[in-house]
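Engineer: Mind having a look at this structure? Questions to follow.
Next up, the structure:
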């Protein structure tokens, strides 16, 4: 068996009015966020075909500018993969990773594109062997992948109402996304805690908005509300600051969605700059995601996989990954966006009482509707 075709699709799922002006499809940093965010759901899907007719799918998370990731797959990854054996997946990961390493491209868009290819290769391996990816990736530690739901809401009342709905659906954990002042965040979390009671796990993500002193003050307030972790409290580059913050708080500090390789996380773990790590499989790929989890386990650090702007293939790959690691804690999920992300499938995992339940479907366990996939391609809209 050899790889005969590598394709990439930049996708946009419109969640509102789209614009012909590309920049109008994004929220820019001066609108209250440090990062650019898409007004719609965007991502990049990789499709790899083999000489045996097996078709594997993967995803490189691309919440903005998925055409950038698409170009990298087509121009840089495709030539490395064509005519290669998909079972040589670790060798192919290394070949792709080193292709631009000397030029400083060992993170960012380049690794996102690599991740999409890597996931597609594992999908092929699973289908070729007639086994789910988690079986060929090392075997399962668990059959049930516990989830927490993301909670929005700009007021304590709206956040508490949404939290109550998710608890009623069976979710045992809730993550509150907040980029407001310390006082506003504490008011929102207090309202949610009062609404859901003491037994639901609460987490707070502040999207790198805080300085170290302010994050410490926020964390101490959250500790009084029995919050499980404070996520992404400050800028990614300040590893010493993250270490100081982690040591200053009794609650856990969770970071890692911006990291893509074990090389980036080595110093973080050595400095104890986090208590929980959050690899995003559509940024790391399955191959490197497993390595990150293994490195984290060496330091007794649990893993809670990030999903964020990832699409349905990101979710499917993360389910498979989560089954195979000893230090899995809980997986992120966005119930409100799941059906929208799943439009390109005719079969996808289902949530039961706040968890994904593994089955024995070969590959990633997702069936892609190729016509719908191609209809969501940006150049088709």
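In our numbering, the protein residues as written are 106 to 486. The beta-carbon is built from N, C-alpha and C at its ideal position, and this holds for glycine as well.
1) Leaving aside the five residues before and after residue 186 along the sequence, list all residues of the same chain whose C-beta is less than 6 Å from its C-beta, in chain order.
2) Who pairs with residue 318 in a beta bridge, going by DSSP?
3) Since residue 236 is in the beta strand (DSSP E), which residue starts that stretch and which ends it?
4) DSSP three-state label for residue 427, please.
5) Am I right that residue 237 and residue 425 are in contact with their C-beta atoms under 8 Å? What's the rounded C-beta distance?
6) Can you name the start and end residues of the alpha helix (DSSP H) that residue 161 belongs to?
7) So, at 6 Å on beta carbons, what are the nonlocal neighbours of residue 340 in its own chain, with the 5 sequence-adjacent residues on each side left out?
8) Would DSSP call residue 365 helix, strand or coil?
9) May I ask you to verify whether the stretch 347-360 touches the stretch 379-387, counting CB pairs closer than 8 Å and requiring at least 3?
10) Taking the straight line between their C-alpha atoms, what separation do you get for residue 467 and residue 240?
11) Residue 421 and residue 454 look like a contact to me (Cβ under 8 Å); what is the Cβ gap, rounded to whole Å?
12) How should residue 286 be labelled, buried or exposed, when 16 other C-beta atoms within 10 angstroms of its C-beta is the threshold for buried?
13) Count the other C-beta atoms from every protein chain shown that fall within 10 angstroms of the C-beta of residue 304, then say buried if there are 16 or more, exposed otherwise.
14) Please report the residue range of the alpha helix (DSSP H) in which residue 453 lies.
15) Figure out for me which residue from 150, 300, 373 and 439 has the closest Cα to the Cα of residue 344.
16) So for residue 114, helix, strand or coil by DSSP?
17) Should residue 147 and residue 224 be called a contact, given that it needs their Cβ atoms to be closer than 8 Å?
Structural biologist: So, from the data block:
1) So the list reads 108 and 111, once near-sequence residues are dropped.
2) Bridge partners of residue 318: none, in fact.
3) Careful: residue 236 lies outside any beta strand (DSSP E) and carries neither H nor E.
4) helix
5) The pair is a contact, with the Cβ atoms about 7 Å apart (cut-off 8 Å).
6) Here residue 161 belongs to no alpha helix (DSSP H); instead the beta strand (DSSP E) covers 160-165.
7) So the qualifying residues of the chain are 313.
8) coil
9) yes
10) Each residue's alpha carbon lies about 9 Å from the other.
11) 6 Å
12) Its Cβ having fewer than 16 others within 10 Å, residue 286 is exposed.
13) exposed
14) Counting along the chain, residue 453 falls outside any alpha helix (DSSP H), and DSSP gives it neither H nor E.
15) 373
16) strand
17) Between residue 147 and residue 224, the CB-CB gap reaches or exceeds 8 Å.
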